[in-house]
Every structure is written in C-alpha cells, then in structure tokens.
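Trainee:
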Amino acid sequence: MIELLARNWAWVLVRGIFTIIFGAMAVFWPGITLYVLVILFGAYAIVDGVTSIAMGAKRSYGRGFLITLGIVGIIAGLIALLWPGLSALALLYVIAFWAIISGIGSIVSGFGLSRDAGGRWLFVISGLAGVVLGILLLINPEEGAVALVVTIGFFAIIWGFFTVFTAVRLRRLAVELDARQDFTDI
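Going by the working numbering, the first residue of the sequence shown is number 5, and it counts up by one from there.
(1) Sort 126, 115 and 108 by Cα distance to residue 134 and report the nearest one.
(2) Assuming residue 74 and residue 53 are in contact, meaning their beta carbons sit under 8 Å apart, how far apart are those beta carbons, in whole angstroms?
(3) If you follow the alpha helix (DSSP H) that residue 65 is in, where does it begin and where does it stop?
(4) How long is the line joining the alpha carbons of residue 72 and residue 57, rounded to whole angstroms?
(5) What do you get for residue 114, buried or exposed, if any count of 16 or more other CB atoms within 10 angstroms of its CB means buried?
(6) For residue 30, which residues from the same chain have a beta carbon less than 7 Å from its beta carbon, with the 5 sequence-adjacent residues on both sides left out?
(7) With 16 as the cutoff for other CB atoms within 10 Å, does residue 127 come out buried or exposed?
(8) Using the three-state DSSP reduction, which class does residue 34 fall into: helix, strand or coil?
(9) Inspect the beta-carbon positions of residue 123 and residue 173 and report whether they are closer than 8 Å.
(10) According to DSSP, is residue 117 helix, strand or coil?
(11) Using beta-carbon positions only, say whether residue 131 and residue 21 come within less than 8 Å of one another.
(12) Closest by CA to residue 129, which one among 86, 162, 65 and 60?
(13) For residue 137, which residues from the same chain have a beta carbon less than 6 Å from its beta carbon, with the 5 sequence-adjacent residues on both sides left out?
(14) Starting from the C-beta of residue 181, find all residues in its chain whose C-beta is less than 7 Å away, skip the five residues before and the five after it, and write them out in chain order.
(15) Could you give the DSSP three-state label for residue 88: helix, strand or coil?
(16) Is residue 42 near residue 88, with beta carbons less than 8 Å apart?
(17) If we call anything under 8 Å between Cβ atoms a contact, is residue 92 one with residue 39?
As structure tokens, this is what we get:
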C-alpha cells in the first residue's frame with residue numbers, strides 16, 4: 005500500500021491543497037451557509053449520477069452497480085435541491101459520518117505503514133482530526149450554519165496541511181523506491 009501511495013504522491017498533494025483552499029474559503033467567508041453547501045451538493049450529486057449512468061452504459065461488467073449508483077445520486081441531488089432545509093440536517097449527518105469513517109481509514113492506514121514510521125503519525129493525526137470533526141458535528145447538530153462552516157473550515161485547513169506534509173514524505177519515499185528499482189535493474 006505504501007508503494008501505491010508513494011507512486012501517487014501528487015494526488016495526495018492535490019487533495020491536501022484543495023482541502024486547504026476549501027477550509028480557507030469556509031473560514032474567511034463564513035456567510036457561506038449550510039444551505040449553499042446543500043445546493044452545491046445537490047448539483048454535484050446530479051452531475052455525478054448522470055456521469056455514473058453514462059459510464060455504466062459503456063461497461064460490460066459492473067454496469068448494474070454504476071447505473072444504480074447513478075440513479076441514487078440523481079435522486080439524492082433532486083431531494084437536496086427540492087428540500088434544502090431537510091437536506092441540510094441530513095447533509096450535516098453525512099458529513100459527520102464521512103469525517104469519522106475517513107478519519108478512521110487514515111488512522112488504520114497510518115498504523116499500517118510499518119516501513120515509514122515518520123509518515124505514520126501524519127496519517128494518524130489527520131485521521132484523528134477527521135474523527136474529532138465528525139464527533140463535534142454529531143454532538144452539536146443545532147449549531148448555526150456559519151459556525152458549522154467555520155468549524156469545518158478550520159478542520160479542513162489542519163487536515164489539508166497534514167495531507168500536504170504526508171505527500172511530501174510520500175514523494176521522498178517514491179524517489180527512494182525509484183532509486184532502489186534503478187539499482188536492481190543494473
């Protein structure tokens with residue numbers, strides 16, 4: 005797994021940079037409300053659903069899964085656009101559980117990195133940040149939309165910086181792996 009992450013370090017870096025940008029926008033423009041996030045989610049879910057259906061139509065295997073996923077995405081997007089108030093609370097819970105599950109995944113990945121002890125703690129800390137965010141959202145769902153957006157923004161910035169640091173370490177590891185590969189080719 006570490007080799008796969010090391011070879012794809014640039015994607016980890018891009019993810020970290022976009023997470024920081026999202027976090028900064030949420031912190032510096034707190035007028036962005038959960039309502040706006042719901043509308044954006046609705047539009048995204050519809051486009052993603054249509055894309056999944058189109059991909060499913062062109063595949064010979066996994067077709068049913070992609071088409072079903074696309075239909076569910078379109079339905080979720082329409083619900084978000086038609087009932088944004090109800091969708092806002094549901095989205096809050098989706099974000100909370102996503103943060104917890106993603107955080108746990110990062111923690112597990114961190115403990116799975118036996119060869120890169122230095123990068124392990126970066127994965128674990130970024131995972132802990134996600135778990136804490138998810139728990140805070142579940143504990144205080146009635147918080148205002150602005151407070152939620154600002155909270156998400158701060159955690160996204162922290163998470164993004166740890167992801168960028170992890171990408172830098174993965175790049176170093178990729179260079180080491182390439183050097184080893186070049187050495188064994190001789």
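Ideal placement from N, C-alpha and C gives every residue a C-beta, glycine not left out.
Mentor: According to the structure shown:
(1) Looking up residue 134 in the sequence shown gives position 130. Of 126, 115 and 108, the smallest CA-CA separation from residue 134 is found for 108.
(2) One-based indexing of the sequence shown puts residue 74 at position 70. One-based indexing of the sequence shown puts residue 53 at position 49. About 4 Å separates the CB atoms of residue 74 and residue 53; that is less than 8 Å, so the two are in contact.
(3) Indexing the sequence shown from 1 puts residue 65 at position 61. Segment: none, residue 65 is in no alpha helix (DSSP H) and carries neither H nor E.
(4) Here residue 72 is taken as the residue at index 68 of the sequence shown, counted from 1. Here residue 57 is taken as the residue at index 53 of the sequence shown, counted from 1. C-alpha separation (whole angstroms): 8 Å.
(5) Counting from one through the sequence shown, the residue named residue 114 turns up at place 110. The residue is buried, with at least 16 neighbouring Cβ atoms inside 10 Å.
(6) Reading the sequence shown from its first residue, position 26 is the one you call residue 30. These residues qualify, in order along the chain: 36, 153, 154, 156, 157 and 160.
(7) Here residue 127 refers to the residue found at position 123 when the sequence shown is read from its first residue. Under this definition residue 127 is a buried residue.
(8) One-based indexing of the sequence shown puts residue 34 at position 30. In this structure, residue 34 counts as coil in the three-state DSSP scheme.
(9) The residue labelled residue 123 in the question sits at position 119 within the sequence shown. The residue labelled residue 173 in the question sits at position 169 within the sequence shown. Against a cut-off of 8 Å, the Cβ pair of residue 173 and residue 123 comes out as a contact.
(10) Position 113 of the sequence shown, counted from the first residue, corresponds to residue 117. Here residue 117 carries a coil assignment [DSSP, helix/strand/coil].
(11) On the sequence shown, position 127 is the one that residue 131 refers to. On the sequence shown, position 17 is the one that residue 21 refers to. Against a cut-off of 8 Å, the Cβ pair of residue 21 and residue 131 comes out as no contact.
(12) Within the sequence shown, numbered from 1, the residue matching residue 129 stands at position 125. That would be 162, whose Cα lies nearest to the Cα of residue 129.
(13) Here the question's residue 137 lines up with position 133 in the sequence shown. Here the set comprises 103 and 159.
(14) Mapped onto the sequence shown, residue 181 falls at position 177. Cβ neighbours of residue 181 beyond the five flanking positions: 7 and 10.
(15) Looking up residue 88 in the sequence shown gives position 84. Judged by DSSP in its simplified three-state form, residue 88 adopts helix.
(16) Locating residue 42 in the sequence shown gives position 38, where the first residue counts as 1. Locating residue 88 in the sequence shown gives position 84, where the first residue counts as 1. Against a cut-off of 8 Å, the Cβ pair of residue 88 and residue 42 comes out as a contact.
(17) Within the sequence shown, residue 92 is the residue found at index 88, counting from 1. Within the sequence shown, residue 39 is the residue found at index 35, counting from 1. Going by C-beta atoms, residue 92 is nearer than 8 Å to residue 39.
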